[in-house]
Every structure is written in C-alpha cells, then in structure tokens.
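This is the structure:
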C-alpha cells in the first residue's frame, strides 16, 4: 500500500503545478473577502487581527497559484505583489499590537484588497455586500459601506451594466433592511456614489423599478422606519452631480409616449401595462420627493430645467385625464401632488391655486381650460421660459396620443399671446398650428385655430391670409364645435383683415355661413348671423354685385330669425339686418328699421314689422319675390315652432300684398293646403295660431278677388244687353282681364282696404 502511495506521489510531482493546485476561482475571493472585511473593523481587537491575517493569506495563496487564462489582462502582478506586501505589513503591525489608528488601518486594508481583486471577484464582492452592510455590529457595518464606496470610486468604471444593476439591487436591499438613520444614509451615499461613477441611468432604472414594485404591492405610508426608496430620491436630489441628471431622467419618463394598443393610427385610446403604470407612479413620487426634499441643489436643478418640467407635467396632465375618465384616478392624483410641489419649488403661488381649484376636474373642457390658465400664469411669472417651453410643446403636437396633443395645443394657444418679441418662434408656431388644423382630434383643431387668431396683433397682418384660409376650411368641419370655433374666430379676425385678404374668399365665406344659420346650436346661429353682418364691410368694388345676391338669398331666413326663441340670435339678426340694409336698396327699409317695433321682443310688434316690411319687398322684381317665397315656404318645416310660425306669417303677408294673381295662384293652393294641415295637426299652439291667422288673411284676399270679378261681370252684362255688343266677354274672360290688370282702380282700392284691415 505504501509503495502504491509513493508511486502516486512521484507521478503527481512529475506533473506541472497547474494540474495539481486549485484554480483561483475556487477560492471564491469575492465572497470570502466580503465576509471578512466587516471583521477587519470589528470592535474586538483579536477578531480584527485574525480577519486581516485571513484576508492576507487568501491573496497570498491566490498569487501563488498558476496564472489563469481567464485573467490575461485583468491582474497586474506587479501592483498585486506590491499590494500584498502592504497587506502583509499591516499583518505585522496588528501582530505587534502597535498603536495605530483603526480607521486608517481599515482603509489601508481596503486599498490593498481593491488592487488585489480581479474584475470578476470585485463584481461578486459588490453583489454580496448586503450582509456586510447590515452587520449587527454598527461599526463593522459602517466600515463595510465605506469599503464599498472606495471600491466603486476606484474601480466603478470596470463594471458592466448588468453588474451595476445587481450592485444597485444589493445596496437597495441594505437600505431597506437598515433602520438606523446614519447607517441608511451611508448606504444612500454608496448608491449615489455608484450612480456617479458608473452608468447612472442603470442605477436610476433599478431604483425606479424597485419603487414601482413597492408602490403597487405595499402600503407605503405604513412601512416601518419610513420608505427607504424615498430617501434615495432625496439623496439624488441633494447630490451636486446627480441632481440634474436624475431630474432629466425622470422627465424623460414623463415625456415618454404611452404605447398605443389595437391601432396604428393617432388618436386612439391608450392602454399602459400595470408595470408601466407602476413606473409612472414611481416617477411622480420621485418628482415630488425631488421638489420637496432637494433643498438648494434640487431647486437649482428645477430652475434650470423649468421648461422641460412644466411641459412634461402639462402633457402628462392631458394624458392622465384620459385615463382618469376610465375611473383610474390614482395616477392623476400622484401627478397633481408632484405638480403642486413644482409650483411650491418655483414659487408660483397662482399656479398652485389653479391646480388646487380645478386639478381633479376630468371633463375635457375643464382640464383644457386649466392647462390654458397654467400657461398664462407661467407666461406672466417667467416670460424668459416661454420660448423653450413652446419649442417642446410644438414638437409634442406630433405625438401619437390624442390627449397629449390636446394638452400641447391648449398650452400653445395661450403661450402665443406672449411671443411678440420672438418672430422666429411665432413663425414656427403658426406653421405647426396650420398643419394641425387637420388633426383627427376636434379639440386640437379648435385649439390650433384659436391659437392662430390670438397671435400678437403686430404680426397678424403677415399671417392673416393663412388664418382666413384655415377658418374657411373649418367652417365645413364635420364637428360642430370646430365649426363654432371657426365662426367665432372669423368674427375676431375680421377686425384686423383688409379687403385684399377677405375679397377672394368673401362669397365662399357667405355661403358657408348661410349653412350654419340653421344650426340647432344657438351659439352657432347667433355667431353665423353676426359674422354675416360683419362681412358687409367687404361687399364693395368688384364683389358688390355678388355680395348683394347673397344678401337677398339669406334675407328670408334673417327675417324669420329676427324673432328667434334665443335672445342672442335675435340681437345678432337685428344688428346684421341694419348692416345689410344700406346695401339692399329697398325703398323705405331704413325707416322701418328705425321704428320701435323692430327692436321689440313682443310677437305682435314682430308681426306688425313683417306686414310693413313685406309691403316694401313686394315692390321688388317678381324673380326676387319668387325666391323669397320659396325660401319662406321651405321654413314651414323648420325644427323650431316659432320659426315655422314666423314663416307662415311672412308668406301670408307677402301673398296678401302681391297684385299679380297669375304669379301668386300656384302658391295659393300650396300654402292653403299646408296651412289647413298645420292648423289642425300641429302640436304647437304658436303654429296653429299663426296658421289660423294666415288662413283668414288669404281667405279674405281670395274673397276680395271673387267680389271684384263678380262686379265686373255684372257691369259687363248690363252694357252688353243695352248695346248688343258682339264682343261681349264671358265672366271667366273678364276674371282673366282683372287678374291681368292688378293696378286697376277698383282692384287697387280693394287691396288697400285689405291692407287697412291687416
């Protein structure tokens, strides 16, 4: 047996050492060093002495092992032997129990170890730091944290992203586990050090990821010892080098567009995963902590990034209001808290009041108005930041999410007031807004148009033709709210428009306004009539003839709506009638409009006005009167009872004042039948009453004609019997003659009698 052992020993000794000795990896130097480092700072002297000796022995052994292919350029042998010598010197010192500062001794140990560790060993050491940093002996724990910081400062650049991520996780675990304020603060310093000396984005990502998980799974306010992640946010915000970087990082998430689900088109509703919601929630927690706990350094970072912060908050306010409408209010509340903190941080009390008043209003009109008020407040408080904020928001008009585009358009429509001294930016904004009046969101279209109209007056003439072109297009928008905006904006911009700009599109404007005058929306009707009147200033020169034709085309409708149910429509029609009257060339019209009954809201006064007006209108050409009658008869089917009643009154008065019986005969039968039906079947009392009155007028008119024809027939028969004239006319022939001579004295007297009756 002994001979066999001897032979085995001799055979092993003949092999190279690499086949006999263990590899360096098998020593697990990273884990073992991290395990013994806390003991190097132990309160017990003997423990410290032994721990340092063990660490020195480990590295002595490691350098005695054959050089591995895995570390061709990783270990500098010269530096390593020098560090080992330094470590052995420290061992001698502790053996002699020489008087030496314990802190300095520990730092020298760490310094030597930092050189002796390979890259992979360093990574393992950092990954396994949690136990050491949470050591039961506070002195050892604090020393371990200092060692980690030293390792990161000296060799952090060697770490890969995955290494940084895992190290961050380990340090966060330490921060969460520690309840001692000082020790936790030291770990926070280590995390800040890691972010400063490695890839800070990776560190921030990991911190925010952990924060998001905590927010979604834990009751944050009840965490024992406070929420450690919030302390990390505070640490970043107070760090001279990291504060601005962390703020920019959180803003990048705030500005990040949500992923659109189930559609590749703009404007569809968005759906964020639960994980994305948690990250967004964590981002807003981070911003809130940054604004409140950043102190002087954090405030300086916010001031420097003001445009990006404000625009990010505005855009996300729009985005999250869309989510809140679905019943998910948590994100919106978190954003509002962060927004309030921002207001306090920059000292904008007025903006804070606006948020407190209307922040949780999720109706679109409300939050759009809030965004506009925020933009106004910011413009007044910080005029120098308007330009960069507008640049960011102009770019945001091209985003995929509809609510963010709406928020951007709302803010820009207000900011445009305040860029009079920035012509280049104004030109960019006008161009962007003109492009986005074709956006698939009606709100964006309306807001962009409002913004265009509210450009500084000193620059408006330059863009007036573009703006009028946009208004003309949007007057035919499929969305009624956009049409209303276009009409209102037309009224505003006409004050600044010259003939050269309006003239080429005048008739098109009039035609499109006529279509809007029958809208069920009272605001639309009143503004459409008002705009029609405002355009009268441009019906001159080459446009005059065409403009007058448009006036006569809309006159019956204007007359009918003089007694509209809505006061604003009545006032608009009266004002427009007065503006158009001078162009219509109707005799005596200006006198009628100056009488008291024209401005009266009483129905009897309106009917008196109609009778006097139609007497004047019936003197116009037959073609003109015919067009009036056709338009008025069409209004018998108007959706408003009062307008139907007005149409009945207008038609009956016109028919009663017309002399040419051949002309009115076709209308009599049509109108009679309609009035009989209305009187018996209409559910509206005002229509039945008007129909009854109109029938009385028309029957009296018809009876008068029969009486007139009968008198002529008797007179003719008497003359024929006396003279035996062979040219005797039959009664029917005489009736035709009477109808063909409306200006006959008897006929005229009869008509005057009828007029007097009415």
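Numbering (the working numbering), first residue to last: 534 to 1291. Ideal Cβ placement from N, Cα and C applies to all residues, glycine included.
- The C-beta of residue 889 has fewer than 16 other C-beta atoms within 10 Å across all chains shown, which makes the residue exposed.
- Annotated three-state conformation of residue 576 is coil, per DSSP.
- In the three-state scheme derived from DSSP, where H, G and I count as helix and E and B as strand, residue 558 is classed as helix.
- In the three-state DSSP reduction, residue 1030 falls in the coil class, being neither helix nor strand.
- Setting aside the 5 residues that flank it on each side, residue 978 is surrounded in the same chain by 970, 972, 1015, each with a C-beta closer than 6 angstroms to its C-beta; the list follows chain order.
- A Cβ-Cβ separation of about 5 angstroms places residue 1147 in contact with residue 1187 under the 8 angstroms criterion.
- Boundaries of the alpha helix (DSSP H) harbouring residue 1111: 1100-1117, taken from the DSSP string.
- The segment 866-875 makes contact with the segment 814-830: 3 or more CB pairs, one atom from each, lie closer than 8 angstroms.
- By the Cβ-count criterion, residue 663 is buried, with 16 or more other Cβ atoms from all chains shown falling within 10 Å of its own Cβ.
- For the 9 angstroms CB-CB criterion, residue 959 and residue 929 do not form a contact.
- A distance of 9 angstroms or more separates the beta carbons of residue 943 and residue 1004.
- Distance between residue 933 and residue 1137, taken at the CA atoms: about 58 angstroms.
- Here residue 1189 is buried, its C-beta having at least 16 other C-beta atoms within 10 Å.
- Judged by DSSP in its simplified three-state form, residue 1053 adopts coil rather than helix or strand.
- Of the candidates 583, 845, 578, 1216, 578 places its Cα closest to the Cα of residue 633.
- Secondary structure of residue 838 (DSSP, three-state): coil.
- For residue 1169, no alpha helix (DSSP H) run applies, since DSSP gives it neither H nor E.
- Taking C-beta atoms as the reference points, residue 881 and residue 935 fail to come closer than 9 angstroms.
- Look at residue 955 here: in three-state DSSP terms it is coil, with no helix or strand label.
- Across the structure, residue 639 and residue 782 are spaced so that their CA atoms are roughly 36 angstroms apart.
- When the beta-carbon positions are compared, residue 788 and residue 841 come within less than 9 angstroms of each other.
- In the DSSP assignment, residue 1092 falls within the alpha helix (DSSP H) that extends over 1077-1093.
- In its chain, beyond the 5 residues on either side, 685, 686, 689, 690 have a beta carbon closer than 8 angstroms to the beta carbon of residue 730.
- In this structure the segment 715-726 lies against the segment 762-782, because at least three pairs of beta carbons, one per stretch, are closer than 8 angstroms.
- DSSP places residue 667 in the coil class of the three-state scheme, outside both helix and strand.
- About 22 angstroms separates the Cβ atoms of residue 776 and residue 847, ruling out a contact at the 8 angstroms cut-off.
- Between the alpha carbons of residue 939 and residue 1102 lies a distance of about 31 angstroms.
- The closest CA to that of residue 726, considering only 740, 754, 760, 681, is found on 681.
- When 904, 825, 854, 784 are compared, the shortest CA-CA separation from residue 845 is found for 784.
- Counting the other CB atoms within 10 Å of its CB gives residue 1068 a total of 16 or more, which places it among the buried residues.
- Excluding sequence positions up to five before and after residue 1041, its CB lies within less than 7 angstroms of the CB of 1005, all in the same chain and listed in chain order.
- About 6 angstroms separates the beta carbons of residue 570 and residue 677, which is inside the 8 angstroms limit, making them a contact pair.
- With a contact defined as Cβ atoms closer than 8 angstroms, residue 656 and residue 696 qualify at about 5 angstroms.
- Taking the Cα of residue 1110 as reference, the smallest distance to any Cα among 1215, 836, 911, 1066 is reached at 1066.
- Taking C-alpha positions only, residue 617 is separated from residue 742 by approximately 40 angstroms.
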